[in-house]
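Note sheet for the following structure.
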Amino acid sequence: MDLRDTSLIIEGGGLRGVFASGALHYLMERGLRFPYVIGVSMGACNAANYVSWQIERNRIVNISFVNDPRYLSYLRLITRGELFGMDFIFDTIPNALVPFDYRTFRESDVRLITGVTDCRTGETLYYEKSEVGVDYLHILRASCSLPFMARPVQYRGRILMDGGISDSIPLGKSMEDGNTKHVLLLTRPCGYRKGPSPFAPLMYVRYPRLRGLCRAFARRYIKYNETMNLVERLEAEGRVFVIRPTEAIPVGRAERNQGKLYAAYDRGYDEASLSYDELCSYLVRE
């Protein structure tokens with residue numbers, strides 16, 4: 023199957039992203055290797071394990087540790103301003119507990135792109151694996167650093183946070199890079215739209231010097247809804263292919279109920295399985 027000029031786009035959504043993890047599990051079992059992969063936030067984590075071709079790793083890392091205080095702790099949020107243990111997630115786990123296959127990751131010729139938000143300007147910055155090199159996990163950490171739940175990440179003179187704030191579904195970037203086919207792994211059902219966040223005014227209190235971040239956060243729902251309008255129009259025209267849940271997943275961004283997380287993972291696997299033949303037809307279409 024010729025997948026040139028075909029992208030895999032993975033949405034974030036905190037631990038709701040285990041739905042995409044399950045979908046990837048099935049696609050990897052079928053040996054489907056996309057040459058261009060882009061993700062933000064949890065979607066970027068899913069993308070990294072896809073490129074390193076570790077089929078089970080997303081499930082293990084994002085479900086097995088949710089009740090470990092080193093992974094997620096409300097006490098740490100109060101005392102240190104960090105809900106998720108970022109050092110634990112991006113150092114201890116990949117380097118000791120659930121080893122990340124750095125060699126396969128580095129040697130892969132997949133074009134992997136991770137989106138982050140520049141906190142000063144509010145714009146999306148896209149970092150490529152081939153350019154970032156050994157700093158990739160630092161960029162991944164930045165893309166997963168959610169406002170109010172994590173601290174901003176410093177990188178080469180920039181202040182970075184969650185890529186989903188400024189570009190939740192980077193379809194536009196994929197199109198700009200010349201891809202003509204796009205496979206999207208989304209975590210919300212068809213028709214879902216965001217409303218204004220009630221936390222937007224608090225952003226200016228929490229991050230008074232990061233005006234770009236605050237503006238991007240306040241406008242996030244507008245860009246998200248515009249992108250979803252585009253996705254659904256292109257989907258109806260047969261120009262993109264979407265794997266998404268048929269109904270809302272009862273999983274929160276910081277979900278700790280492992281039963282719910284395993285169920286969401288299994289739903290992702292099942293949705294990918296059910297749509298696989300149709301996906302293949304889309305991929306071979308001229």
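The opening position of the sequence shown corresponds to residue 23 in the numbering used here, with each subsequent residue numbered one higher.
Cβ coordinates follow ideal geometry from the N, Cα and C atoms, glycine included.
On the three-state DSSP scale, how would you describe residue i?
| i | result |
| --- | --- |
| I191 | coil |
| I280 | First, the amino acid is wrong: residue 280 is Gln here, not Ile. Reduced to three states, the DSSP call for Q280 is helix. |
| M50 | helix |
| N271 | Looking at the sequence itself, residue 271 is Ile, so the reference to Asn does not match. In the structure shown, I271 sits in coil (DSSP, three-state: anything other than H, G, I, E or B). |
| F112 | helix |
| L206 | strand |
| D292 | helix |
| S15 | As displayed, the chain neither begins before 23 nor continues past 308, which places residue 15 out of reach and without an answer. |
| F41 | helix |
Please classify residue i as buried or exposed, where buried requires at least 16 neighbouring CB atoms within 10 angstroms.
| i | result |
| --- | --- |
| A118 | exposed |
| F263 | buried |
| T202 | exposed |
| V156 | exposed |
| N68 | buried |
| L296 | exposed |
| M21 | Nothing about residue 21 can be reported from this structure: the residues present for the chain run from 23 to 308 only. |
| E293 | buried |
Thinking C-alpha only, which one of the options is nearest residue i?
| i | options | result |
| --- | --- | --- |
| R233 | L182, R52, R255, V253 | L182 |
| V175 | R55, I161, R241, S188 | I161 |
| P230 | L54, L37, R79, C141 | C141 |
| R128 | S303, L301, S152 | S152 |
| A285 | Y149, A45, M197 | A45 |
| Y226 | R237, S219, V120 | R237 |
| R178 | Y158, M197, G194 | Y158 |
| R241 | R228, P218, R261, E257 | P218 |
| E198 | V73, G290, S29 | S29 |
Check whether the Cβ atoms of residue i and residue j sit closer than 8 Å, and answer yes or no.
| i | j | result |
| --- | --- | --- |
| R92 | F110 | yes |
| A66 | G185 | yes |
| Q280 | I77 | no |
| T209 | I135 | no |
| I31 | I265 | no |
| D189 | V62 | yes |
| C212 | E259 | no |
| G144 | L235 | yes |
| L193 | L252 | yes |
Quick one: is residue i near chain C, going by C-beta distance under 8 Å?
| i | result |
| --- | --- |
| P211 | The chain inventory of the structure shown lacks chain C, comprising one protein chain alone. |
Since residue i is in the beta strand (DSSP E), which residue starts that stretch and which ends it?
| i | result |
| --- | --- |
| R180 | 180-184 |
| Y177 | 175-177 |
| F263 | 262-265 |
| R133 | 133-140 |
Where do the ends of the alpha helix (DSSP H) carrying residue i lie?
| i | result |
| --- | --- |
| I60 | Counting along the chain, I60 falls outside any alpha helix (DSSP H), though it belongs to the beta strand (DSSP E) covering 58-62. |
| E257 | 233-258 |
| V83 | 79-86 |
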